[in-house]
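Here the sequence shown stands for residues 36 to 271, numbered as in my numbering. For glycine and all other residues, C-beta sits at the position ideal for the given N, C-alpha and C. Working notes for the structure below.
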Amino acid sequence: MKFPCRIDKFVSHINELPRSKVKILIKKGEVAINGIVTKKSDVQIGADDLIEVSGKQLKYLGKRYFMLNKPQGYVCANHDELHPTVFDLLNEPNLKDFHVAGRLDIDTTGLVLITNDGDWSHQITSPKKQKFKTYLVETKEIITEESLEKLRHGVALHNEKQLTRPAQAEAIDKYALRLSICEGKYHQVKRMLAAVENHVVELHREKISGITLDTNLAQGEYRPLTQQEVDIINAK
Ligand code: URA
């Protein structure tokens with residue numbers, strides 16, 4: 036939401052009402068700006084103006100940021116015909132303004148960041164910014180030192196001309212590794228493991244840049260980011 040903005044647009048946005056209905060409310064004298072009733076739909080308001088509809092104050096909640104522990108079976112999209120979406124797990128007003136900052140596949144679990152701040156999410160998703168994302172990867176085949184070296188150095192993905200960018204890869208046990216990558220190509224981790232003749236069995240995102248998934252969040256739970264977490268992305 037950008038200010039100054041028209042009063043009808045503001046009310047329609049916050050109350051999730053069609054503009055036509057808001058215009059009727061305004062004509063009826065139900066809308067007041069700083070205590071004075073307005074009957075004009077095109078009056079401009081600022082972020083600090085006090086807006087009331089039928090005596091009830093409307094609050095613009097501003098930029099908001101959440102972390103979610105995504106379970107399997109949910110898609111990172113605003114709408115989907117077939118599957119539940121991560122937004123079904125959030126109980127927040129004005130969800131239609133929100134988007135996911137870096138999607139996960141339907142079968143991947145873990146850290147998903149959700150916001151209505153497009154500039155902030157751009158810092159995470161833009162390839163130019165090179166923000167590291169860390170994944171816990173369980174594999175079908177044994178992880179060899181040779182394959183870890185290849186992952187670190189860069190591998191050729193199917194249908195891609197350039198090698199993947201240098202990554203951090205460390206074995207956790209025979210069939211599990213922690214992989215940090217600073218790109219976000221389609222199915223990148225699964226394709227990287229395929230490039231070293233392995234196969235991803237389970238994939239879980241632990242971290243995006245300096246933001247780590249809160250271990251207090253069970254799968255399907257979410258919480259707002261702290262200001263410190265929000266600032267990590269802006270600072271880097
Ligand atoms: N890489 C993948 O292959 N899948 C994800 O969900 C995230 C990264």
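For residue j and residue i, believed in contact at Cβ under 8 angstroms, the rounded distance
| i | j | result |
| --- | --- | --- |
| I243 | G137 | 6 angstroms |
| H239 | T143 | 7 angstroms |
| Y221 | I178 | With 8 angstroms as the limit, Y221 and I178 do not qualify as a contact, their Cβ atoms being about 23 angstroms apart. |
| M36 | Y100 | Incorrect: roughly 15 angstroms between the Cβ atoms, too far for contact. |
Option in the options with minimal Cα separation from residue i
| i | options | result |
| --- | --- | --- |
| E241 | L212, M227, Q262, R226 | L212 |
| E237 | G81, R54, P106, G97 | P106 |
| S156 | T199, V135, Y257, K58 | V135 |
| H193 | T169, S161, E232 | E232 |
| G153 | F167, D83, V121, G97 | G97 |
| T160 | K58, G219, E181, T169 | G219 |
| G189 | Q223, L248, V110 | Q223 |
| L248 | H118, K168, A112 | K168 |
| E180 | R200, E195, D208 | D208 |
| L139 | R200, A112, E195, V88 | A112 |
Distance CB(residue i)-CB(residue j) smaller than 7 angstroms
| i | j | result |
| --- | --- | --- |
| I61 | S47 | no |
| I42 | V78 | yes |
| C217 | Q254 | no |
| F38 | G81 | yes |
| N104 | L252 | yes |
| A191 | L198 | yes |
| R187 | A206 | no |
| V121 | I141 | no |
Cutoff 7 angstroms; reference residue i; Cβ partners in own chain excluding five residues on either side
| i | result |
| --- | --- |
| G90 | none |
| K56 | none |
| D84 | I68, N69 |
| K185 | V231 |
Own chain, CB closer than 6 angstroms to residue i, minus 5 neighbours either side, in chain order
| i | result |
| --- | --- |
| D132 | N151 |
| Q158 | K164, I268 |
| V72 | G64 |
| R54 | D43, S47 |
| E87 | A67 |
| K196 | none |
| L93 | I49, I86 |
| H118 | V110 |
Same chain only: Cβ atoms within 8 angstroms of residue i, ignoring 5 sequence neighbours per side
| i | result |
| --- | --- |
| I246 | M102, L146, L148, L260, E264, I267, I268 |
| N312 | Residue 312 is absent from the structure shown; the chain starts at 36 and stops at 271. |
| H114 | T120 |
| L183 | A204, E205, A206, L212 |
| Y257 | F101, M102, L103, N104, L124, L125, I149 |
| R200 | Q165, G189, I216, C217, E218 |
Residue-chain proximity (residue i, chain D), Cβ-Cβ < 7 angstroms
| i | result |
| --- | --- |
| E173 | No chain D is part of this structure, which consists of one protein chain only. |
Contact between the stretch 125 to 135 and the stretch 61 to 70: three or more CB pairs below 8 angstroms? Under the 8 angstroms Cβ criterion, the stretch 125 to 135 does not count as touching the stretch 61 to 70, having fewer than three qualifying pairs.
Three CB pairs or more closer than 8 angstroms across the stretch 160 to 178 and the stretch 221 to 237: Short answer: they touch.
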